[in-house]
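Here the structure comes first, spelled out in structure tokens, and everything after it is commentary.
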Amino acid sequence: MNALLSHEPSFADVHPDRDWGKLTRFDLLDFSDLLDYFKTRRKILLRVLSGLKEAEWSRTIREEGKKRKESVYWRARTIVMHELDHVGDLEKKFKK
7 MNALLSHEPS FADVHPDRDW GKLTRFDLLD FSDLLDYFKT RRKILLRVLS GLKEAEWSRT
67 IREEGKKRKE SVYWRARTIV MHELDHVGDL EKKFKK
């Protein structure tokens with residue numbers, strides 16, 4: 007969201023397990039609560055992304071500590087590809 011709202015947006019490199027997980031303690035929540043949380047966040051994110059215009063997809067954002075900038079499109083694509091790996095892992099686990 008920062009990439010769409012700020013003039014010179016940047017984001018911190020926060021690892022979901024090592025950093026964010028220490029604060030959120032998702033490991034203490036029931037699976038159904040986590041799934042509801044995930045679904046809500048995805049629904050909101052998809053609503054925002056589906057309304058973007060070409061210029062907004064082209065906006066750039068920089069990860070703190072790096073010189074290279076990425077477009078909103080490229081950052082979203084990177085996240086999608088990462089999450090698809092997790093979906094594949096889950097599919098394998100459920101097939102067992």
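Residues 7 to 102, numbered by the working numbering, are exactly what the sequence shown covers, in order. Where a beta carbon is used, it is the ideal one built from N, C-alpha and C, also for glycine.
Residue i, buried or exposed, once every other Cβ within 10 Å from all chains shown has been counted against 16
i, result
"Ala18", "exposed"
"Val20", "exposed"
"Val78", "buried"
Chain-order list of residues whose beta-carbon lies under 8 Å from that of residue i (same chain, five-residue window excluded)
i, result
"Ser16", "Asn8, Ile67, Arg68, Glu69, Glu70"
"Glu89", "none"
Secondary structure of residue i, DSSP reduced to three states
i, result
"Lys75", "strand"
"Glu89", "helix"
"Arg68", "strand"
"Ser12", "coil"
Straight-line gap, residue i to residue j (C-alpha atoms, nearest Å)
i, j, result
"Lys28", "Ser64", "33 Å"
"Phe100", "Arg48", "22 Å"
"Asp91", "Arg81", "16 Å"
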